[in-house]
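Line by line, the protein sequences give chains A and B.
Counting in my numbering, the first sequence runs from 4 upward without gaps.
Counting in my numbering, the second sequence runs from 4 upward without gaps.
Before any comments, here is the structure.
There are 2 protein chains.
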Amino acid sequence: MKQTLTVNLGDRSYPIYIGLDLFSQPGLIKSHVKSAQVMVVTNVTVGPLYLERVVQQLGGLKVRTLVLPDGEQFKNLATEERIFDALMEYRFGRNSTLIALGGGVIGDLVGFAAACFQRGIDYIQIPTTLLAQVDSSVGGKTGVNHPGGKNMIGAFYQPNCVIADTSVLNTLEQRELSAGIAEVVKYGLIRDREFFDWLEKNMELLLTRDPQALAFAIHRCCLNKARVVSEDELESGVRATLNLGHTFGHAIEAGMGYGRYLHGEAVAIGMCQAAHLSYATGRLEQAEVDRIIRLLQSAKLPVKPPAEMDADRFLEIMTVDKKNIDGAIRLILLDEIGTATLPCGVDQPQLEATLNDYGRS
Amino acid sequence: MKQTLTVNLGDRSYPIYIGLDLFSQPGLIKSHVKSAQVMVVTNVTVGPLYLERVVQQLGGLKVRTLVLPDGEQFKNLATEERIFDALMEYRFGRNSTLIALGGGVIGDLVGFAAACFQRGIDYIQIPTTLLAQVDSSVGGKTGVNHPGGKNMIGAFYQPNCVIADTSVLNTLEQRELSAGIAEVVKYGLIRDREFFDWLEKNMELLLTRDPQALAFAIHRCCLNKARVVSEDELESGVRATLNLGHTFGHAIEAGMGYGRYLHGEAVAIGMCQAAHLSYATGRLEQAEVDRIIRLLQSAKLPVKPPAEMDADRFLEIMTVDKKNIDGAIRLILLDEIGTATLPCGVDQPQLEATLNDYGRS
């Protein structure tokens, strides 16, 4: 069974397919390749499991493959150059297609390579982690990290399609599954209270990879994301709410060294910090903060900031963030579970208090 | 006196200003800066001459400067990273502006940095070479070279405005002036026969930097370029004609090592090769080929391919070009002076014959 959603962006609209065994569905991937030259880019973890199966679906095309190292610490311009080198070596032209087979790191690297190579070629997202399926593969945010800040170099560039084969989640490490659930919870927090309630009741099913529960959650997240992106592709408004917890989270990822915390883990902590600050600034009830922390804990996610990072270190990194204006930190906060604010300036002493107090006992 | 043209691209439209002493015109640059943070990026040749004057015009803003090495051999991702590093070091946010003060290399590097930093910030083009004033600063083509091919990594990304101060051409080296004239001649060849006739009569005035002749030529080129870009921003059609001679020329630049031939010099040779091939394929009269070669020679430009590069070397590099489809070489040719073809497939033996025969005696 296959569900289809659409990201509506005029002549750049594209489908998201969600379902079991989509890799093996004859013609599905190939029907979205408009060129003779194709390169499938994956990593050393995903490649041995699924690369051959994807390549088999591309019979008749000139297919090349590239296997990159695995991990957030490789999401940088140096790895990007390896993709460009391979494209040049195999003489790829403007009329060619990249396929990103992997998690969020592969998707971001490959999408940005597609955006830049010959000023833009086609690409397809085949996300293989829960996090990538529910969040990063949809919406066209691509790019790499700078040592000083996450996702600082990139482009908005939409794929031809997104193919989320939920069977691959069976081979996902438990830690990666939990990291994906962090972004799942995010959708409940920012715009879907009913879904948050559902998550409270069904977390155990997600953690044990119940196919129906996973399919429901992935579809629900993609539906939310597709609507937000269709409404505000370039993040001039509502799309920014998708960054709940991310300014804190990015600081943890950069501050601790990329790869130490998974993105979803850092975001889980960041959402707790954002919830605490929302309470401290009179927006959110204490009881709702507790519900948020409890739900993330039940997903086996960390909820406390790393002891190694004090408030100063957080602030140092948080002053470089894409939502800031002229260096003033702006954050997404919560009015209640299911309702997020747009980026708003925060009182520095209150922010410092949250950084010093929350999760430090 | 200041002339103003407009590149019409809906809500991304922008003005091109052409005239004497525009750097000193109070408020002109600053009126196009919409942010508090500004970084002026230039190179070691242009910086000592004009950086201070530009910075003076930005009083009241938070201004940073970055001085890069000079030359096509530095138009790569490594230099791009130096711009990103500086932006991060000075904590530039999404709400900031880059100013490109220099020739085509600086403009392409800075434009691409603006396209990618935080997924897109503002930038302004202040071209200081004839080539950049008549061609590369207008139209939003940005990017860097790959060792295997010119401009292989980049983006279409439009500036806030282009400020072409013609007084700066007085400090331009003669070789750079001639290189710029190659692109000037190109506009005559592809779409402005009347201008080509004018150039035949007035080349001496351009070479001696007669202000009126230069102003006329720059305005005429920008007018042509603005019209082409307004019609076809992403090069799906007529914009490709601006690449006359460039596939040959890029092969010379990459094949001889970036920086050895100036871009305009390589394009001059390439346009002669394209003219020869246009004649060989029954498009262009021999007499018109001769006029083209004579005009470029009168501009002190090289017109023969480097002896070091044989036909095989040309073909090896030319098979990687943005106009190609599935590896088949496509070129812009001339039907007559003033009329160019769209990219068209060429008969391989005829192309080889031109590469072997033209300019080899």
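Just so you know, even glycine gets a beta-carbon here, dropped at the ideal spot from N, CA and C.
Closest in C-alpha terms to G341(A), from the list D73(A), S301(A), L25(A), V292(A), comes V292(A). As summarised for the stretch 169-239 of chain B, the continuous alpha helix (DSSP H) elements at least 4 residues long and confined to that stretch are 177-194, 196-210, 214-234, given in chain order. At least one CB of chain B lies nearer than 8 Å to the CB of G157(A). Against chain A, the CB of I328(B) has a partner CB under 8 Å away; the residue lies at that interface. By the criterion of a C-beta distance shorter than 7 Å, S16(B) is surrounded in its chain by T9, V10, once the five residues flanking it on both sides are discounted. A distance of 8 Å or more separates the beta carbons of L52(B) and S170(B).
Considering only L134(A), A39(A), I124(A), G151(A), the residue with the shortest C-alpha distance to E92(B) is G151(A). Neighbours of G151(B) across chain A, judged by C-beta separation under 7 Å: M91.
Residues of the same chain with a CB within less than 6 Å of the CB of D235(A), apart from the 5 flanking positions on each side, are V241, R242 in chain order. Judged by beta-carbon spacing, T131(A) lies beyond the 8 Å limit of V41(A), meaning their Cβ atoms are not closer than that value. Counting along the chain, the unbroken beta strand (DSSP E) around N46(B) starts and ends at 40-46. Between the alpha carbons of E288(B) and S301(B) lies a distance of about 20 Å. The Cβ atoms of L134(B) and G106(B) sit closer than 8 Å to each other. One finds D329 in chain A with Cβ atoms closer than 7 Å to the Cβ of A39(B), taken in chain order. Below the 7 Å Cβ cutoff, chain B contributes L80, E84 as neighbours of L80(A), in chain order. The residue among V58(A), A216(A), L245(A), Q121(A) with its C-alpha nearest the C-alpha of L172(A) is A216(A). Straight through space, the alpha carbons of F77(B) and L358(B) are spaced by roughly 28 Å. Taking a contact as a CB-CB distance under 8 Å, the pair F120(A) and L71(A) does not count as one, their CB atoms being some 16 Å apart. Of all residues in the stretch 118-134 of chain B, the ones placed with a Cβ closer than 8 Å to any Cβ belonging to chain A are A118, C119, F120, Q121, R122, G123, in chain order. Nearest CB-CB separation between K33(B) and chain A: not below the 8 Å threshold. Contact annotation, A278(B) with L208(B): C-beta distance approximately 24 Å; criterion of less than 8 Å not satisfied.
R363(B) sits in coil when the DSSP states are folded into three classes, being neither helix nor strand. DSSP, read as helix, strand or coil, puts M4(B) in coil.
A distance below 8 Å separates the beta carbons of H249(A) and V270(A). Taking 9 Å as the cut-off between beta carbons, the residues of the stretch 229-253 of chain A near chain B are L237, E238, in sequence order.
For a Cβ distance threshold of 8 Å, residue set C119, R122 of chain B lies close to G146(A), ordered along the chain. Contact annotation: in the stretch 338-349 of chain A, no residue has its CB less than 8 Å from a CB in chain B. Using a Cβ-Cβ cut-off of 7 Å, R97(B) is close to K325 of chain A, given in chain order. Residue burial annotation: S281(B) is buried, with at least 16 other C-beta atoms found within 10 angstroms of its C-beta. Any Cβ of chain A closer than 8 Å to the Cβ of F198(B) would place that residue at the interface, and such an atom is absent.
The C-alpha of Q128(A) lies about 8 Å from the C-alpha of N163(A). Here E55(A) is not bridged, per DSSP, to any residue. E319(A) and A331(A) have their C-alpha atoms some 12 Å from each other. Contacts with chain A at 8 Å (Cβ-Cβ) include F87(B).
Annotated as proximal: I21(A) and A218(A), with beta-carbon spacing under 8 Å. The DSSP-derived three-state label of T322(A) is coil.
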